[in-house]
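Colleague:
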Amino acid sequence: MKLASKLHISEAEALSKSLIELLSSEQEVCIDISEVSDADTASLQVLCSLQKSLSLTDSAITWKGESESLSNIANQIGIKEFLKLPN
């Protein structure tokens, strides 16, 4: 799944639904963050919820690409390690 360049509260519900579908497909959860240039806490909360759900089955999100912006925002609010984002 490829994330949009801007992850904002206005898209958080749609993001959540897409991630729930991905999770229920029982495939590896691989998310491409290479185009993310901005994100707010609502969207990061959705990603944290997914990571928490996966951790219950000893799984985790597999990140594809890198996003300095997403990494910096997650680091600022203290969730970068929880999300296991690439450096």
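Here the sequence shown stands for residues 1 to 87, where the numbers follow UniProt numbering.
Every residue, glycine too, gets a C-beta built ideally from N, C-alpha and C.
In this text the structure is predicted, and so the values were computed from the model without any measurement.
Span of the beta strand (DSSP E) holding residue 62?
Modeller: Translated into the one-based positions of the sequence shown, residue 62 becomes position 62. Residues 62-64.
Colleague: Is residue 9 near residue 70, with beta carbons less than 8 Å apart?
Modeller: Here residue 9 refers to the residue found at position 9 of the sequence shown. Here residue 70 refers to the residue found at position 70 of the sequence shown. Not closer than 8 Å, so no.
Colleague: Any idea what DSSP makes of residue 2, helix, strand or coil?
Modeller: Counting from 1 along the sequence shown, the entry for residue 2 is found at position 2. Strand, per DSSP.
Colleague: Pair every Cβ in the region 53-61 with every Cβ in the region 33-42, then say whether three or more of these pairs are closer than 8 Å.
Modeller: With the cut-off at 8 Å, the region 53-61 and the region 33-42 do not touch.
Colleague: Within 10 angstroms of its Cβ, does residue 67 collect 16 or more other Cβ (buried), or is it exposed?
Modeller: Translated into positions along the sequence shown, residue 67 becomes position 67. Result: buried.
Colleague: Considering only the alpha carbon of each residue, which of 87, 46, 52 and 86 lies closest to residue 16?
Modeller: Sequence index remark: in the sequence shown, residue 16 carries index 16 (1-based). Out of 87, 46, 52 and 86, 46 has the C-alpha closest to the C-alpha of residue 16.
Colleague: Going by alpha carbons, who is nearest to residue 42 out of 73, 84, 55 and 2?
Modeller: Here residue 42 refers to the residue found at position 42 of the sequence shown. The candidate whose alpha carbon is nearest that of residue 42 is 73.
Colleague: Would you identify the three-state DSSP class for residue 15, choosing helix, strand or coil?
Modeller: Along the sequence shown, read from residue 1 onward, the residue named residue 15 stands at position 15. Helix at residue 15.
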